[in-house]
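Protein chains in written order, with my numbering: chain H, -14 to 386; chain U, 4 to 311; chain Y, 145 to 451.
Just so you know, even glycine gets a beta-carbon here, dropped at the ideal spot from N, CA and C.
I have placed the structure first, in the form of structure tokens, so that the comments after it can refer back to it.
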Amino acid sequence: MKRIVALATAVLMAQLVAAQGAPIKIGGIWPLSDITGKQGSAAAQLAVAEINKAGGVLGRQLELIVVDDELKADKAAAAVEKLVTVDKVDVLVGGMASGAELGKIPAFKKYGKVVIATGAAGSGTVEKALGPSPDSDFYFHLHPWDYNQGASYSEGWDAIQAQYPNMKIKKIFLAYEEGAFGKSSWDQTKVLFGGRYTVDGAPFKSAAMGGGDYASMLEAAKDYKPDLFIWAGYDADALPMLEQAKAMKFNPGIYLGAPPGWPIGFGTSRLSANVMLYGMWAPAMNDTNKASKKFYDGFVAKFKEEPATYFAPLSYSAIFILADAIKAAGTVETAALIKALKATKYESPLGEVITFSKSNIIAHQGIKRQKILQWQAGRQEVIWPLEAKTEVPVYPFPQWK
Amino acid sequence: MKKASLPGILAAFVIAALAVALPSFAGAYPLQVARNVILYMALAVSWDMLLRSGQISFGIAGLFGFGAYASVLAVLRGGMDPWLSILFAALLSGILSFAIGLAILRLRLMYFSITTLALAEILRIIIHNLHDFSGGPEGVVLEGSIAGGNASALYLLSLAGLAVAIGTSLYFEKSKLHLALTAIRNNETSARSSGVDIFRYLLIAFVASSAIQGMMGGIYVQSYGFATPESVFDANFTLLPLAMALLGGIHSTIGPMLGAILLGLAAEWLKLQIPYGHLVVYGIIIIIVILFMPKGLYGLARGGRKSS
Amino acid sequence: MASKRIKTMATMAGAAAFVALAIWKPTVLIYGTQQAGLYASIAIPMGLVLGIVHIVNLAHGEFMMVAAYAAYSLSMATGMDPLIALIPTAAATSLFGFLVYRLTIRNALKAPELNQLILTFGLGITLSQITNILFTSQTRKLSLDYVSASVTIGELSFGIWSFVFVAAAIAMTVGLKLFLTRTMMGKAAVAVGQNPRGAAIVGIDVDRTYGFIFALALAMVGAVGALFLTKSSIFPGVGGPFTMKSFCLVAMAGVGNIPGILAASLLLGLSEAFLRVFRELRGWADIVFFVLIIAVILGRSLKERKS
């Protein structure tokens, strides 16, 4: 008996020693044909390269294997299967669209490997599909849920109106694109702002989906005479909507856009002046935040292009959070890793210290706060949170000449 | 109508046996890829069934999405058993297509095609707009996947759906339906004067193919546990089966099957080889195959004989 | 005589509705017409190709997208305004389209129609994916002052730049009508469209006609692409929805009926704008289009069967 135990221990020790050199494999799933996924995966690669240069984690190098989810549920599911069963990754990372995320969830649950999710804001479907703790504890959701975003903006406008008393908001008009993104924004706005403000809205077909005519929506907005006009759509809507607003002489006190990204060169357009926006990160944060500057400089140096959306610093953060947790746990074994991730305190390029806490259904929600920014002189400047602000807001939105 | 040959039957038997036994020797990833290929294969085969009458349908996504939502809402709002809901989806799709068919099967050529496309879009928009009933643009989520998400079970479920599609298509090929549909396709006037009840046969083909498409929609949503208007009414569910059927060889059962295997596996393989830009090669493959093999793979194999 | 009376009544009803709209909700007329112009100018080239070469070009929207990107690149590189870039863009698109036609589509013409359909489907994927690789999926837009040109009548301010599409659509319709009825090539094209074999017997070079028509259609697509760039954001997938809309409009008008495309577009644009006025109906504006198509197609088939 003793000899068997000794033999088994020796074999185990030998295996452990051999594994010491083997890389830690991270499986990344992003929509590579979309700018968000392209840059998200690139930023993750940047993080992996930086960590490996500094010696890796636990003496092992990180290896990131990226598979395209093609924005489709069935392809996303196949990606998870490949990464876990063929590439034998230790952890999973990535995500952008809620639809693709839904396709992955059954496979995620089947394998139970740690997932650091960088996308999916749709709580009505994704959070519901994940279900409550402990079955969803492997899932660490970095990206805020739609209700997190709504609550954050509500807090933000309170703070802005308190800080800058000349900015008074009584009536809010939300223009929302007809798809899931717009509809959930509309639902959240009605719930979170309906109490203290007078809220109205109108749907429009986004130019990203073959629409691009905002006339009837802008007419309704103009008739309503809002203090705050918000549009929830996509980058393709940004400039055409402004051009139509100008043609119709629509001048709300605050004109705010909430797309996940902005068109190339938006800042160079004269129409961009003093448009406010919802977001999570802007290059202007390099001036006030060291982590942001480190990320930005590294990204530009390696890829010769600017990060266009917040998915880049978000994916970058995901890798560092993972690396820190593996270091703290001393292993990639799931239960220990989950425990270490729970204790995360990461100073992110997004300007806040990321920790995980409970959200409506799941236990491990990361970012809950958004930012309110404004385009000034061709640059996105942070207006709120006040601790991270880079500029004072310009108010009101200028009259069209 | 060629007589089935003994080697042919044996080969089919071996392939079928392998297909059923796949879960025992393939890992979860090949099973998932196989499921995706099977889905499109069933859609391609069912589309071809109607094509044999000369009618080109652009409405696959419409029936697929309709079946998907029929299944999902039956479970969510009616408490139906998930397995039963798939049959329900097939049944409801059949009924819907029967009603639609009565109205539109008199149309021909491009006008029929556009009408099926328009109807598919109408279904999508209705589901999209009836927020309270269907969950709206955000979609609905089920308790979980059917059979607890067991990879083998999901694979065998899809395979069962495919078997229904193939079986129906073969029946169409071997029965007198084949003669009738081919006659209609080649020359409607002489078919009519030969006494063929054109409308009846068109209706049968339309309802059969639509029921299968609706059933696959039910299988799809039950396998993944959710439905959104964008994901189930996706135009790719119409266009890709068409491309597969064409590349494989239309007016047959084997042709669409070959096409689905070709394009389905190529898509997955290309994606792993060329992470950024694999779809360019995919598009080029379609162009090249169409240009150099106008009768499709199966047509080429048949020795360039005039397609029946 | 009864049908003439019905026609007169219908025209009067239409005119009355028109006036009512102008007084009650003039914006429906204004924006509806502008949208109609956009739809028509994109659909007419597809109608030309469908009517004469008898192929449904599923890559139609992608050609427009490529033209828009070409105009964009030219604009960014030389500072040229897209309106000036319109001519080189139209020429380049025409040449590019002709090459594509010679290399691929022409070889598929002897094959069944479905082959051509899927061929153009493959072309569409290839074009949009290559654009994606070259330019990424991030949207681009030129910022031009004249696009927000507006006119104020009383309380109402509205943009007038989009009327350029109405002008383009009318120009295309009139130009094509003249071309198809007054020129040799045009009349040959009509003959080929109606009966290719008969035309070949009479001595018309069918292949050359097809090539020419394709090049002509793509020149128009190129011009529309440059115009499109002024008003809309461009991204690799921007063309797709327009292919389907154009196909539907051409079907609604009936193959070979170019002026019918104008009428169909106007019907579509106005009904969309009309529905959008009513808060509860806004989400259903899209469905009207498809219902109308089915109604028109079914109605026409019923009429044909009665006669």
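Interface residues of chain U facing residue i [CB-CB closer than 8 Å]
{"i": "Y:L445", "result": "Sequence check: residue 445 of chain Y is Ser here, not Leu. Those are R109, L110 and Y114, listed as they occur along chain U."}
{"i": "H:S121", "result": "Within 8 Å Cβ-Cβ: nothing; H:S121 doesn't reach chain U, min ~12 Å."}
{"i": "H:A63", "result": "Y32, Q35, V36, N39 and E271"}
{"i": "Y:L442", "result": "A106, I107, L110 and T118"}
Under 9 Å by beta carbon: chain U residues contacting residue i
{"i": "H:L177", "result": "The contacting residues do not exist; H:L177 stays about 17 Å from chain U at best."}
7 Å Cβ cutoff, residue i in contact with chain U
{"i": "Y:F434", "result": "yes"}
{"i": "Y:I401", "result": "Looking at the sequence shown, residue 401 of chain Y is not Ile but Asn. So, not an interface residue."}
{"i": "Y:E206", "result": "no"}
{"i": "Y:L278", "result": "no"}
{"i": "Y:L410", "result": "no"}
{"i": "Y:G427", "result": "yes"}
{"i": "Y:D430", "result": "yes"}
{"i": "Y:L258", "result": "yes"}
Proximity test, Cβ basis, 7 Å: residue i and chain Y
{"i": "U:A121", "result": "yes"}
{"i": "H:A114", "result": "no"}
{"i": "H:G197", "result": "yes"}
{"i": "H:L335", "result": "no"}
{"i": "U:L66", "result": "no"}
{"i": "H:A221", "result": "yes"}
{"i": "H:Q229", "result": "yes"}
{"i": "H:A39", "result": "no"}
Rounded distance between the beta-carbons of residue j and residue i, thought under 8 Å
{"i": "U:G280", "j": "Y:Q282", "result": "The Cβ separation is near 16 Å, so there is no contact."}
{"i": "Y:T233", "j": "Y:L288", "result": "Actually they do not touch by this definition, with Cβ atoms about 15 Å apart."}
{"i": "U:G65", "j": "U:A123", "result": "3 Å"}
{"i": "H:I50", "j": "H:L68", "result": "6 Å"}
{"i": "U:A248", "j": "U:D51", "result": "5 Å"}
{"i": "H:Q365", "j": "H:A267", "result": "4 Å"}
{"i": "Y:Y216", "j": "Y:I378", "result": "6 Å"}
{"i": "H:P117", "j": "H:I347", "result": "7 Å"}
{"i": "Y:S301", "j": "H:E228", "result": "About 13 Å separates the two Cβ atoms, so there is no contact after all."}
{"i": "H:A269", "j": "H:E332", "result": "With a Cβ gap of about 18 Å, H:A269 and H:E332 do not count as contacting."}
{"i": "Y:A312", "j": "Y:L371", "result": "6 Å"}
Within chain H, the residues that residue i reaches when beta carbons sit closer than 7 Å
{"i": "Y:R420", "result": "S201"}
{"i": "U:F229", "result": "L87, T110 and A114"}
Sub-7 Å separation of residue i and residue j beta-carbons
{"i": "Y:G413", "j": "Y:A160", "result": "no"}
{"i": "U:L95", "j": "U:A73", "result": "yes"}
{"i": "U:L273", "j": "U:V283", "result": "no"}
{"i": "Y:A187", "j": "Y:I405", "result": "yes"}
{"i": "Y:M153", "j": "Y:V394", "result": "no"}
{"i": "H:L31", "j": "H:G250", "result": "no"}
{"i": "Y:I431", "j": "Y:C392", "result": "no"}
{"i": "H:D54", "j": "H:I20", "result": "no"}
Residues sharing a beta bridge with residue i, DSSP
{"i": "H:Y263", "result": "H:I357"}
{"i": "H:W369", "result": "H:I357"}
{"i": "Y:S301", "result": "Y:T296"}
{"i": "H:L77", "result": "H:G12 and H:V100"}
{"i": "H:G186", "result": "H:L159"}
{"i": "Y:R284", "result": "H:I249 and Y:I378"}
Residue i: CB within 6 Å of a non-hydrogen atom of the ligand ATP
{"i": "Y:A344", "result": "Only the bare structure without any ligand can be found here, which leaves the ligand ATP out of the picture."}
is_contact[residue i, chain H] using C-beta, thresh 7 Å
{"i": "U:P244", "result": "no"}
{"i": "Y:S377", "result": "yes"}
{"i": "Y:G266", "result": "no"}
{"i": "Y:V291", "result": "yes"}
{"i": "U:Y43", "result": "no"}
{"i": "U:V144", "result": "yes"}
{"i": "Y:P189", "result": "no"}
Partner residues on chain Y for residue i, Cβ-Cβ distance less than 8 Å
{"i": "H:G84", "result": "Near H:G84 there are no residues of chain Y at all, since even the closest Cβ is about 16 Å away, more than 8 Å."}
{"i": "H:A224", "result": "Residue identity check: residue 224 of chain H is Leu in the sequence provided, not Ala. Going along chain Y in sequence order, the residues near H:L224 (Cβ under 8 Å) are K285, S287 and S377."}
Where residue i meets chain Y, residues with beta-carbon distance less than 7 Å
{"i": "U:Y2", "result": "The structure shown has nothing for residue 2 of chain U, since chain U only spans 4 to 311."}
{"i": "H:K57", "result": "In chain order: nothing, as chain Y lies at least about 14 Å away."}
{"i": "H:S300", "result": "Ordered by position in chain Y, no residue passes the 7 Å Cβ test against H:S300, which lies about 16 Å from the chain."}
Contact set between residue i and chain H, taken where Cβ atoms lie within less than 8 Å
{"i": "Y:A417", "result": "A200 and S201"}
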